[in-house]
Amino acid sequence: MMMTLNQIRYFVTVCQYQNFTKAAEKLHISQPGISKAMTELESECGTALFHRMHNSITLTPQGKALLEYARVFLEQYADFTAAAHSLSSMDSSLRIGMIPMCGSTIFPKLQTGFSNIWPDIRITTVEDSNYILYERLDRGEIDLALCVTNALPDADHAYCILKQSRLKLFVSHTHPLAAKHELSLQDLSGIPLVLFSDHYGQTRYIHRLFTEAGTMPQIVHQTTQVFTILEYIRSGAAAGFLSEEFAQEDPTIVPLTVREIPAANVYLVWKKKDDITPAMQKFTCFAGETFPESISVSPL
């Protein structure tokens with residue numbers, strides 16, 4: 088007869104309490120049942136494991152040696168079980184990071200469509216800058232990242248280009264610049280601006296463009312929230328830079344093309360060395376189908 092997992096668990100518990108009755112109470116089984124299991128274990132081992140006395144038991148030298156192996160085995164079994172469960176969760180969950188503007192425009196469309204097809208795959212999200220999202224990918228904190236940049240992801244990251252998106256200047260309908268369709272950064276001299284915090288690559292990019300244009304932005308407020316930028320724009324208190332998709336999302340604001348700002352790629356990025364889980368593969372394929380102009384640069 089083969090030694091069973093329950094026998095090993097019973098053995099460790101009996102050793103802990105040094106009493107069959109107390110061990111049986113702990114394990115919620117009968118005292119004769121645990122006594123029988125220990126007798127069968129001794130038979131399987133071919134040696135006595137206990138010195139049996141009236142009200143207690145003590146371990147034989149062989150029993151003490153087996154106890155050490157039993158404890159290690161149960162710890163390893165617990166690790167094995169946890170690993171097996173984590174493998175299962177990889178098939179049923181996704182952790183996706185994105186820059187704030189993707190969280191307000193591109194991602195809701197992706198999440199709604201994806202969840203309609205695979206409702207059992209749970210998606211959790213986080214918003215941050217491109218740079219921090221790459222760090223989170225490298226640390227294994229997220230599975231996928233939605234980034235917008237003119238720079239290619241580095242060699243450690245695989246990616247798919249979903250589409251192109253252009254950063255535009257948005258103003259209210261009553262803003263002095265609202266009648267313009269196109270302008271330059273020089274035209275923004277003295278115009279109040281609301282920007283994302285300096286933590287974000289987009290803001291550093293805008294500062295660099297202003298410097299190259301030989302002018303300085305007049306920043307009246309900085310924030311981490313798209314909602315705050317939209318409120319400043321709608322109220323006419325400031326103009327703000329947002330992706331062109333906001334023109335469809337909010338018809339109350341006016342998009343203006345800035346000549347110095349070219350279109351950028353929207354990337355879906357993952358860590359190249361990681362195995363692609365079934366959930367990641369499903370989402371990546373779905374994203375590519377959602378944006379017909381997408382380019383799959385890295386094979387799945």
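Heads up: the sequence shown begins at 88 in the numbering used here, then just goes up one per residue. Beta carbons are placed, not taken as given, at the ideal position from N, Cα and C, and that holds for glycine.
Check                                                                                           : Outcome
Exposure label - Glu-332; buried when at least 16 CB within 10 Å                                : buried
Lys-358 vs Asp-241 beta-carbon contact at 8 Å                                                   : no
Runs of beta strand (DSSP E) wholly within the segment 97-160 (minimum 3 residues, chain order) : 137-139, 144-146
Local conformation of Thr-168 per DSSP, three classes                                           : helix
Spatial distance of Arg-226 from Asn-142 (CA atoms)                                             : 54 Å
Nearest-angstrom Cβ-Cβ length linking Gln-273 and Thr-302, presumed shorter than 8 Å            : 6 Å
Contact test: Asp-274 Cβ vs the ligand NAD heavy atom, cutoff 7 Å                               : Annotation note on the ligand NAD: not contained in the displayed structure, which lists no ligands.
Short CB-CB distance (under 8 Å) between Ile-121 and chain D                                    : The structure shown has no chain D; it contains just one protein chain.
Whether Phe-370 touches Ala-326 by CB criterion (8 Å)                                           : no
Exposure of Ser-179, with buried meaning 16 or more beta-carbon neighbours within 10 Å          : exposed
8 Å Cβ cutoff met for Ala-135 and Ile-121                                                       : no
Cβ-Cβ distance between Lys-255 and Thr-344 below 8 Å                                            : yes
At least 3 beta-carbon pairs within less than 8 Å: the segment 158-173 vs the segment 182-200   : no
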